[in-house]
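Numbering (this note's numbering), first residue to last: 71 to 651. Please read the structure below before turning to the comments.
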């Protein structure tokens, strides 16, 4: 805006005291100060507001105005509330340095002037940027030119001072301007966006993390040629991107909100283009899957894999190993459509494509080596191992996840090539649980690596069976791997609930009752004794007990239950009862 506009607004009540020839200067912002030397806070183009607290005598005006003129400010507005009339020495100094000077009546608050200038400047910037965004949209819709989402995000930062990021539904950064968004923060924002979307709240959604406000905008293409809107939000909530802006948009004017909606439309065009590019990989996976399920000859499957390998692993000169990952999203009967009417296969397909992306890699191109098909309600991924190798996170190798098989050797797993079920979900469990809300479940199974076409059919069945093991567990997001199919945990989830309750009650209820009455810690003692393979000395050391005290407790367990902990059969019964309880 121009300085002249300040005089054309009666509500501001400003009087010009000097600098009429300089009123066409551009105002780029406002700064209020009573410092003698505010130069460190000036960047040029500001309208400086001052209450004159720095003014003690006539000698103070010249150096103050000289500093402002040297910093390139647009003008100075001095308040009359402190000294009454504006000092003549200040008027003279401004005339000398050709700095426009305004008097602010004591009834006008500086906040009123600041709000007016910020609104005018922001509106003009938004209008200019909107034109740029519109041109950029036309470029992107007519061809690959335009530079992608990063260009328009850079414009938001440079022209409107807005930091923004494009995030996947799991919180992975796809594009951004400036510093990357930390992974945990992205997951938190994505989770809050998904939770708000599931409740039907109108976007943009406001989120506050560590005292910082963010506004979350869904990215959907609603323009010409767009895919028809989903009849139920559950069909799209787990696949849509979002735009996270570091600002509170709740009090934004309509023009700025419209601008951000235009930005999301622009990014949606890029999203649609990337989905179209996935068609080849999806088709390759579908063809291989159909051959495997039809029981085709291994030579025929191997020939199809040779076609797929150069697409998924360009430049690789040898045949890769493969893993199969099966995912399924199930919905309960609630919402706009009955659960059976929701097309869960495509939802699981898009979600599995996202989950298989290495979370340490940002950008939209990191999923280019993942081929996922869907059949019925399942999504099935054919993953070449060199494309993504995931090691278990440190936290899992130390403490483990509740869903892992008991007694699993973390070091052995970390040394295995390929994908591990729990590691896949470690960084996405929080946001996906928010998107699934109270009526959805995601279950996932991972096969072992196979080296040839002959092993693919077995790998597919192994992944499906692992997924069924995951489905038998509690929780919104569950996974199981091939290593769990050779453990007792494979059997436990399929024990009927009434049998499970009766079995554990017979063995453990007498001990629990005794512990409640006497605080004897018999259950804890039993767990430690079995975990130490019946070693008296190791178990006593773990519990910080004398061996005789331990022998007394074990004897009490045997007396209360009628079992003998020296017999393998009774040890096994107690072990299973503890696992099922």
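Idealized CB from N, CA, C, for every residue including glycine.
Alpha carbon to alpha carbon, what distance is there between residue 232 and residue 397?
Along the chain shown, read from residue 1 onward, the residue named residue 397 stands at position 327. Along the chain shown, read from residue 1 onward, the residue named residue 232 stands at position 162. If I take the Cα positions, the gap works out to 38 Å.
Could you spell out where the beta strand (DSSP E) holding residue 240 opens and where it closes? By one-based count along the chain shown, residue 240 stands at place 170. Premise fails: residue 240 is in no beta strand (DSSP E) and is neither H nor E.
Residue 617, buried or exposed, once every other Cβ within 10 Å from all chains shown has been counted against 16
Within the chain shown, the letter at position 547 stands for residue 617. The residue is exposed, with fewer than 16 neighbouring Cβ atoms inside 10 Å.
**Prompt:** So, residue 541 versus residue 442, is the Cβ gap smaller than 7 Å?
**Reply:** Residue 541 sits at position 471 when you count from the first residue of the chain shown. Residue 442 sits at position 372 when you count from the first residue of the chain shown. Cβ distance not < 7 Å, so residue 541 and residue 442 don't count as in contact.
Practice item. Check the Cβ-Cβ distances between residue 155 and every residue of chain C, and say whether any is below 7 Å. Key: No chain C is part of this structure, which consists of one protein chain only.
Among the residues of its own chain, which have a CB less than 7 Å from the CB of residue 446, if the five just before and after it don't count?
Counting from 1 along the chain shown, the entry for residue 446 is found at position 376. Contacts found: 415.
Assign residue 642 to buried or exposed, taking buried as 16 or more other Cβ atoms, counted over all protein chains shown, within 10 Å of its Cβ.
On the chain shown, position 572 is the one that residue 642 refers to. Exposed is the call here.
Do residue 259 and residue 284 come within 7 Å of each other at the CB atom, strictly closer than that value?
-> Your numbering for residue 284 matches position 214 in the chain shown. Your numbering for residue 259 matches position 189 in the chain shown. The answer is yes: Cβ separation under 7 Å.
Report task. Look up residue 116 in the DSSP assignment and say whether it is helix, strand or coil. Result -> As a working mapping, residue 116 is identified with position 46 in the chain shown. Of the three classes helix, strand and coil, the one that applies to residue 116 here is strand, per DSSP.
**Request:** With residue 111 as the anchor, note down where its beta strand (DSSP E) starts and where it stops.
**Result:** The residue labelled residue 111 in the question sits at position 41 within the chain shown. That residue, residue 111, is in no beta strand (DSSP E); it is neither H nor E in DSSP.
Residue 548, DSSP secondary structure in three states: Against the chain shown, residue 548 aligns to sequence position 478. Residue 548: strand per DSSP, three-state reduction.
Quiz item: Using a threshold of 6 Å, is the CB atom of residue 328 nearer than that to any non-hydrogen atom of the ligand SAM?
Solution: No copy of the ligand SAM appears in this structure; indeed no ligand is present at all.
* Indicate whether residue 501 and residue 264 have their beta-carbon atoms separated by less than 7 Å. => In the chain shown, residue 501 corresponds to position 431, counting from 1. In the chain shown, residue 264 corresponds to position 194, counting from 1. Going by C-beta atoms, residue 501 is nearer than 7 Å to residue 264.
ask   = Once you ignore the five residues that flank residue 655 on each side, which residues in its own chain have a CB closer than 6 Å to its CB?
value = A query on residue 655 cannot be resolved here, the shown segment of the chain reaching from 71 to 651 and no further.
* Spell out the partners DSSP gives residue 88 in its beta bridges. => For the purposes of this step, residue 88 is taken as residue 18 along the chain shown, with counting starting at 1. Per DSSP, 171.
>> I'd like to check one pair, residue 222 with residue 336: are the Cβ atoms closer than 7 Å?
In response: Locating residue 336 in the chain shown gives position 266, where the first residue counts as 1. Locating residue 222 in the chain shown gives position 152, where the first residue counts as 1. For residue 336 and residue 222, yes; Cβs fall inside 7 Å.
Rounded to whole angstroms, what is the Cα-Cα separation between residue 572 and residue 612? Residue 572 sits at position 502 when you count from the first residue of the chain shown. Residue 612 sits at position 542 when you count from the first residue of the chain shown. Roughly 31 Å separates the two Cα atoms.
Exercise for review: Identify, in the order they occur along the chain, each residue of the same chain with its Cβ nearer than 6 Å to the Cβ of residue 309, setting aside the five sequence neighbours on each side.
Suggested key: As a first step, residue 309 must be located in the chain shown, where it is residue number 239. Closer than 6 Å at Cβ, skipping near neighbours: 420.
- May I ask which residues mark the beginning and end of the alpha helix (DSSP H) holding residue 256? In the chain shown, the residue the question calls residue 256 occupies position 186. It spans 253–268 - the alpha helix (DSSP H) in which residue 256 sits, taken as one unbroken run.
* To do: For residue 377, I'd like the list of residues in its chain whose CB is within less than 8 Å of its CB, leaving aside the five on either flank, ordered along the chain.
  => Here residue 377 refers to the residue found at position 307 when the chain shown is read from its first residue. Same-chain partners within the cutoff: 354.
C-alpha gap between residue 84 and residue 103, whole angstroms = Locating residue 84 in the chain shown gives position 14, where the first residue counts as 1. Locating residue 103 in the chain shown gives position 33, where the first residue counts as 1. Cα-Cα distance, rounded: 18 Å.
Own chain, CB closer than 7 Å to residue 371, minus 5 neighbours either side, in chain order: Here residue 371 is taken as the residue at index 301 of the chain shown, counted from 1. The residues are 358, 361, 362, 523 and 526.
Who pairs with residue 450 in a beta bridge, going by DSSP?
What you label residue 450 is simply residue 380 of the chain shown in a count that begins at 1. Beta-bridge pairing links residue 450 to 396 and 443.
Problem - Per-residue burial, residue 639 [other beta carbons within 10 Å of its own, 16 or more giving buried] - result: Counting from 1 along the chain shown, the entry for residue 639 is found at position 569. The residue is exposed, with fewer than 16 neighbouring Cβ atoms inside 10 Å.
Extent of the continuous beta strand (DSSP E) to which residue 311 belongs: As a position in the chain shown, residue 311 is number 241, starting the count at 1. Unbroken beta strand (DSSP E) run through residue 311: 311–315.
_Residues sharing a beta bridge with residue 520, DSSP_ = Stepping through the chain shown from its first residue, residue 520 is reached at position 450. According to DSSP, which records beta bridges pairwise, residue 520 is partnered with 392.
Can you give the Cα-Cα distance for residue 130 and residue 88, rounded to whole angstroms? Start at 1 with the first residue of the chain shown, and residue 130 comes out as number 60. Start at 1 with the first residue of the chain shown, and residue 88 comes out as number 18. For residue 130 and residue 88, the distance between alpha carbons rounds to 18 Å.
Worksheet item: Considering only the beta carbon of each residue, do residue 338 and residue 395 sit closer than 7 Å?
Response: Position 268 of the chain shown, counting from 1, holds the residue named residue 338. Position 325 of the chain shown, counting from 1, holds the residue named residue 395. No; because the gap between Cβ atoms is not below 7 Å, this pair is not in contact.
Practice prompt. Taking only the alpha-carbon atoms, compute the straight-line gap between residue 255 and residue 401 and give it to the nearest angstrom.
Written response: One-based indexing of the chain shown puts residue 255 at position 185. One-based indexing of the chain shown puts residue 401 at position 331. The straight-line gap from Cα to Cα measures roughly 28 Å.
Considering just the uninterrupted stretch of the alpha helix (DSSP H) at residue 650, what are its terminal residues? Position 580 of the chain shown, counted from the first residue, corresponds to residue 650. It spans 638–650 - the alpha helix (DSSP H) in which residue 650 sits, taken as one unbroken run.
Practice task
Helix, strand or coil for residue 433, going by three-state DSSP, please let me know.
Solution key: Here the question's residue 433 lines up with position 363 in the chain shown. With a pLDDT of only 47 at residue 433, under 50, the local geometry of the prediction cannot be trusted, and no value is derived from it.
Report task. Please state if the CB of residue 169 and the CB of residue 656 are separated by a distance shorter than 7 Å. Result -> Outside the shown range of the chain (71 to 651) lies residue 656, about which nothing can therefore be said.
By a C-beta neighbour count over all protein chains shown, 10 Å radius and 16 as the cutoff for buried, is residue 596 buried or exposed?
-> Taking the chain shown and counting its residues from 1, one reaches residue 596 at position 526. Looking at its Cβ environment, which holds 16 or more other Cβ atoms inside 10 Å, residue 596 is buried.
query = For residue 191 versus residue 101, is the C-beta distance shorter than 7 Å?
reply = Along the chain shown, read from residue 1 onward, the residue named residue 191 stands at position 121. Along the chain shown, read from residue 1 onward, the residue named residue 101 stands at position 31. Not a contact, by the Cβ cut-off of 7 Å.
* Out of 535, 454, 157 and 546, state which residue places its alpha-carbon closest to the alpha-carbon of residue 495. => Position 425 of the chain shown, counted from the start, is the residue given in the question as residue 495. Measuring from the Cα of residue 495, the nearest candidate turns out to be 546.
- For residue 387, which residues from the same chain have a beta carbon less than 8 Å from its beta carbon, with the 5 sequence-adjacent residues on both sides left out? Mapped onto the chain shown, residue 387 falls at position 317. Because residue 387 sits at a pLDDT of 47, beneath the cut-off of 50, its placement in the model cannot be relied upon, and the following sentence gives the value as read from the coordinates. Excluding positions up to five away in sequence, the list is empty.
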